[in-house]
Amino acid sequence: MNTVGNAGLRALLMLVVLGIWELCVRALEVPVYILPPPSAIFRALYVGLSRLIYVQNTWVTVEETLLGFVAGTSLAFLLGTAIALSRRFEYFLYPYIVMFQALPKVALAPLIIVWFGVGLPSKIVNAALIAFFPLMVNTIMGLRSADEDRVSLMRSLDASEAQIFWMLRLPSALPFIMAGLEVAMIFALIGAIVAEFVGATSGLGVLINTLNFSGDVAGIFSILLILSVIGLVLNQAILAVRRRVLFWDVSQKSVTEDTRKGGL
Amino acid sequence: MSSAPAAREARPGPLPADPVIAVRSLAKSYGKEAGAVRALDAIDFDIGDGEFVAIVGPSGCGKTTLLKILAGLLPASSGTALLRGTPILGPRRDIGMVFQAPVLFPWRTVLDNVLLPADVQRLDRQRLLAAALDLLQLVGLRGFERRYPSELSGGMQQRVAIVRALIHDPAMLLMDEPFGALDAMTREQMNLELQRIWLERRKTVVFITHSIPEAVFLADRVFVMTPRPGRVAEIIPIDIARPRSLDAMSTPAFGAYALRVRHHFNALGTLDA
Chain F
210 MNTVGNAGLR ALLMLVVLGI WELCVRALEV PVYILPPPSA IFRALYVGLS
260 RLIYVQNTWV TVEETLLGFV AGTSLAFLLG TAIALSRRFE YFLYPYIVMF
310 QALPKVALAP LIIVWFGVGL PSKIVNAALI AFFPLMVNTI MGLRSADEDR
360 VSLMRSLDAS EAQIFWMLRL PSALPFIMAG LEVAMIFALI GAIVAEFVGA
410 TSGLGVLINT LNFSGDVAGI FSILLILSVI GLVLNQAILA VRRRVLFWDV
460 SQKSVTEDTR KGGL
Chain R
254 MSSAPAAREA RPGPLPADPV IAVRSLAKSY GKEAGAVRAL DAIDFDIGDG
304 EFVAIVGPSG CGKTTLLKIL AGLLPASSGT ALLRGTPILG PRRDIGMVFQ
354 APVLFPWRTV LDNVLLPADV QRLDRQRLLA AALDLLQLVG LRGFERRYPS
404 ELSGGMQQRV AIVRALIHDP AMLLMDEPFG ALDAMTREQM NLELQRIWLE
454 RRKTVVFITH SIPEAVFLAD RVFVMTPRPG RVAEIIPIDI ARPRSLDAMS
504 TPAFGAYALR VRHHFNALGT LDA
């Protein structure tokens, strides 16, 4: 499927779609505050980038996303491991997990701004909170997925529980964990943007709000473009790690497509 | 290929003099007193040093339970199992195990899979490296050390599993239907291969199977097990000269042994080999 010819065709098709968009908007005289033509969007992108305002705010959002991702996933990994290894731990924690899981985490954003202020910490907490669950659930599933025969083999070799964890359970869980990290990365970006919408002084979410106020729809579109590029780059980064870590996994398949459906 | 050693003497008596394994009135039941299922009942046998024993029986006769008790993975309900004179109370480091599936770790290379026991038991990797290469040579897998399991066929994976079970020089090799998942052709090849390895290394082997020909072909003695409760119905010494070729399977002597085993199952109507 992915041949040079097809790739060229794909790029050509994209240009055609943009061309039709441009023509339609001009021919039907759609006002720019409803739907701007692609040319206006690229102009807004160029202006924003050249005045560095986009660059600075992009960095703010990326920083929030990455810190939230690291905080959320570290905690999720530790808690997920504890739950997977201890039935007792799971039993007592379970009600909270179920309640939290059912809750749309973005609804907590206003509260988090109240608790942590309009600065960086509230964005990290919100991003971490949303990134937390997909990894925790996958860590639990992964650690419990270790093949029973392999566990028996380790036991027959007189392996300690610690050895079984490090040499068997954790590697067995890696496909699940990597899938969880893929989703968590995208979720962290969502968390950061939502928190910026609710209360912040800088970041791409703030920029969207500002542009919305001044009716600069072309500007909003240019930010959406940046956000989608950020999402893409972060996802590719995870996939690159995945390829390195899971070189042995024959079912090498990105799970993002399946899991992200019905995301936020 | 090693030079063919002289045919082993068949052991006519049921109990060898200096047993590696001694099992005495072993029983295992699952569940509580009232509704308990007796998986094993009144099991008694000895296995001598370097002896190849095949345990054959239909599914549900408790042969895997017996093997797990010998491996120290399951406690017996009553009776004892001794390995070199000491009771088997938990997993032991002088046992090598081979399962029906190769049970390799896909993230480890062939060599690292083979050296897993060394890593778990913190043995000297360098010292065992030579042994690992020797054994890989023995099973025809030299040159595959750096490959990953997914690059190997099912038969090759199972040979890696056998090498792994032998690497720490265990006193006894436990094999739980190791070739049951292989196709018939590969299975015959693996039977020949296992005989060759065994003739060279002379490990004590307990080999579980539900294939009567496989049991008769490989074993010095065949333990016939019958189900509900799991019992050793008969112990049959197989007096066929080694090394046995696949042609040996079509001799009258072989057929007579197979028939003798089969009689136990014909009566039960539980026959799957």
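Chains as they are written, first to last, in my numbering: chain F, 210 to 473; chain R, 254 to 526.
Ideal Cβ positions, reconstructed from N, Cα and C, are used throughout, including at glycine.
- In the structure shown, the three-state DSSP call for Leu-336 (chain R) is strand.
- For Asn-347 (chain F), the closest alpha carbon among the candidates F:Ala-371, F:Gly-326, F:Thr-282 and F:Ser-295 is that of F:Thr-282.
- Shown in chain order are the members of the segment 387–408 of chain R whose Cβ falls below 7 Å from a Cβ of chain F: Tyr-401 and Ser-403.
- Legend: CB atoms of the segment 337–352 of chain R lying less than 9 Å from CB atoms of chain F belong to residues Gly-343, Pro-344, Arg-345, Arg-346, Ile-348, Gly-349, Met-350 and Phe-352.
- Taking CB atoms only, Phe-358 (chain R) has a neighbour in chain F less than 8 Å away.
- In the pairwise beta carbon analysis, the segment 471–479 of chain R is classified as not touching the segment 426–440 of chain R: fewer than three pairs are separated by under 8 Å.
- Taken in chain order, the complete alpha helix (DSSP H) segments of 4 or more residues contained in the segment 312–340 of chain F are 318–325.
- Taking 8 Å as the cut-off, the beta carbon of Arg-417 (chain R) is found closer than this to the beta carbon of Leu-369 (chain R).
- With contacts defined as CB atoms closer than 8 Å, Val-327 (chain F) and Ala-409 (chain F) qualify as a contacting pair.
- Across the set F:Leu-390, F:Ala-404, F:Phe-342 and F:Leu-287, the C-alpha of F:Phe-342 shows the shortest separation from the C-alpha of Met-308 (chain F).
- At a cut-off of 8 Å, the C-beta of Pro-272 (chain R) has no neighbouring C-beta in chain F.
- For Val-413 (chain R), no CB of chain F lies under 8 Å from its own CB, so it is not counted at the interface with that chain.
- For Pro-431 (chain R), no chain F residue has a C-beta closer than 9 Å to its own C-beta; the minimum C-beta separation is roughly 12 Å.
- Listed by position along chain F, the residues whose Cβ is nearer than 8 Å to that of Ala-354 (chain R) are Asp-358.
- At a cut-off of 8 Å, the C-beta of Asp-367 (chain F) has a neighbouring C-beta in chain R.
- When only Cα atoms are considered, Gly-289 (chain F) and Val-392 (chain F) end up about 16 Å apart.
- Note: Leu-258 (chain F) is not bridge-paired with any residue in the DSSP secondary-structure output.
- Using a CB distance cut-off of 8 Å, Leu-335 (chain R) does not count as an interface residue toward chain F.
- Taken through DSSP and simplified to helix, strand or coil, Leu-455 (chain F) comes out as coil.
- Segment contact: the segment 351–366 of chain F against the segment 380–399 of chain F, three or more CB-CB distances shorter than 8 Å; contact assigned.
- Cβ-Cβ separation between Met-394 (chain F) and Asn-444 (chain F): approximately 6 Å, consistent with a contact (criterion under 8 Å).
- With fewer than 16 other Cβ atoms from the protein chains shown falling within 10 Å of its own Cβ, Gly-338 (chain R) counts as exposed.
- Listed as beta-bridge partners of Tyr-283 (chain R) by DSSP are R:Val-290.
- Inter-segment contact for the segment 461–468 of chain R and the segment 277–296 of chain R is absent: fewer than three beta-carbon pairs are separated by less than 8 Å.
- DSSP lists no beta-bridge partner residue for Ile-493 (chain R).
- Taking 3 residues as the shortest admissible run, the segment 291–319 of chain R contains the following complete beta strand (DSSP E) segments, listed from N- to C-terminal end: 305–309.
- Listed by position along chain R, the residues whose Cβ is nearer than 8 Å to that of Pro-380 (chain F) are Phe-358 and Trp-360.
- At a cut-off of 8 Å, the C-beta of Gln-372 (chain F) has a neighbouring C-beta in chain R.
- No Cβ-Cβ contact shorter than 8 Å links Ala-397 (chain F) with Ile-447 (chain F).
- Residues of the segment 362–382 of chain R with a C-beta less than 8 Å from any C-beta of chain F: Leu-369, Pro-370, Asp-372, Val-373 and Gln-374, listed in chain order.
- Residue-level contact by beta carbon holds for Arg-364 (chain F) and chain R, with a gap shorter than 8 Å.
- Taken in chain order, the unbroken stretches of alpha helix (DSSP H) that lie wholly in the segment 331–398 of chain F and span 4 residues or more are 357–365 and 370–373.
- Taking a cut-off of 8 Å for Cβ pairs, the segment 325–338 of chain R and the segment 497–505 of chain R do not touch, as fewer than three such pairs fall below it.
- Annotated three-state conformation of Asp-429 (chain R) is strand, per DSSP.
- A distance below 8 Å separates the beta carbons of Ile-300 (chain R) and Pro-272 (chain R).
- Taking Gln-374 (chain R) as the centre and dropping the five residues before and after it, the same chain places the C-beta of Arg-346 and His-421 closer than 8 Å to its C-beta, in chain order.
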